[in-house]
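FYI, our numbering numbers position 86 of the sequence shown as 806, with every residue one higher than the one before it.
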Amino acid sequence: MTTLMTTKARTGDKVIVCGAGPVGILAAHNFSIGGYDVAVVEPDPLRRQQVERSGIPLTFASMPLDDQAYKGQVALVLDCSGNEAAVLDGCKIVRKRGEVVLVGVPWYAQTKLLAHEVLNAIFFNFVELRSGWEWEIPVLSSDFKWEELLEGYNNAPYSTFSGFQRAMRWLYSDKINLEGLITIVSPKDPEKIYKRIQSRLIIEPFIVYDWLDLLS
721 MTTLMTTKAR TGDKVIVCGA GPVGILAAHN FSIGGYDVAV VEPDPLRRQQ VERSGIPLTF
781 ASMPLDDQAY KGQVALVLDC SGNEAAVLDG CKIVRKRGEV VLVGVPWYAQ TKLLAHEVLN
841 AIFFNFVELR SGWEWEIPVL SSDFKWEELL EGYNNAPYST FSGFQRAMRW LYSDKINLEG
901 LITIVSPKDP EKIYKRIQSR LIIEPFIVYD WLDLLS
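Here you go:
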């Protein structure tokens with residue numbers, strides 16, 4: 721959501737989301753709702769099916785680097801995978817001065833890529849590679865008030881909480897189709913749930929704890 725509020729890409733521009741986990745799926749929908757031309761890159765066929773079923777029709781198993789409709793035409797690549805190969809591909813496909821934003825956490829090296837390969841793509845494609853740090857905008861927008869002057873103000877048009885409000889409105893108004901993408905579990909035995917996640921026994925990307933189950 722922060723990237724949506726800070727990107728230089730505009731409505732109608734091509735946006736590619738890498739990674740179709742929970743964050744990637746919601747990111748794709750955020751930009752689709754905003755009127756962007758969104759595609760998702762995800763190697764897992766099940767995840768691609770889930771993305772398409774949710775209402776994002778265009779998915780790829782790998783970055784469409786040889787597709788002239790995309791190469792040099794993409795305004796923004798939003799990496800939600802944390803995979804350095806996806807970041808490199810993003811740097812290769814964006815248009816000049818296009819953005820590649822790092823949202824996914826690179827927990828560990830997933831390839832043997834050299835930093836030189838990424839630097840080369842950034843340098844010759846004039847890429848703007850940046851952090852997806854969600855707190856780069858104010859938590860709240862604070863207007864100018866004389867009686868609160870010492871507390872400061874920022875008059876920010878966007879804030880973390882305005883992003884939360886917008887996202888919740890979209891969910892509440894069913895702008896994001898989550899049918900078949902959610903599994904509801906009880907919080908009574910969280911260790912059991914985490915073991916199921918580790919073992920990939922839960923195929924739905926979104927897991928919701930039903931806290932009312934504690935009262936039953």
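Glycine included, every Cβ here is placed at the ideal spot set by N, Cα and C.
Listed in chain order, the non-local C-beta contacts of threonine 903 below 6 Å within the same chain comprise Ile922, Glu924, Ile927, local neighbours out to five positions each way being set aside. Put simply, the backbone Cα of glutamate 762 is about 13 Å away from that of glycine 824. In the DSSP annotation of this structure, the continuous segment of the beta strand (DSSP E) that includes glutamate 848 starts and ends at 848 to 851.
Asp757 is the residue among Asp757, Ala747, Thr723 whose C-alpha sits nearest the C-alpha of valine 735. Rounded to whole angstroms, the separation of the alpha carbons of leucine 932 and glycine 792 is 50 Å. Bounds of any beta strand (DSSP E) do not take in isoleucine 842; it lies within the alpha helix (DSSP H) bounded by 835 to 845. In the structure shown, leucine 796 falls within a strand segment according to DSSP collapsed to helix, strand and coil.
Sequence-distant Cβ neighbours of arginine 886 in its own chain, meaning closer than 8 Å and more than five residues away, are Met721.
Here the C-alpha atom of valine 821 lies approximately 9 Å from the C-alpha atom of glycine 810.
Sequence-distant Cβ neighbours of alanine 748 in its own chain, meaning closer than 6 Å and more than five residues away, are Val737, Val758, Val760, Ile776. Inclusion of methionine 725 and tyrosine 892 in the CB contact set at 8 Å is not warranted, their separation being larger than that value. For asparagine 803, same chain residues with a beta-carbon under 8 Å away, outside a window of 5 residues either side, are Cys738, Gly739, Gly824, Pro826, Gln830, Thr831 in chain order. Here leucine 822 carries a strand assignment [DSSP, helix/strand/coil].
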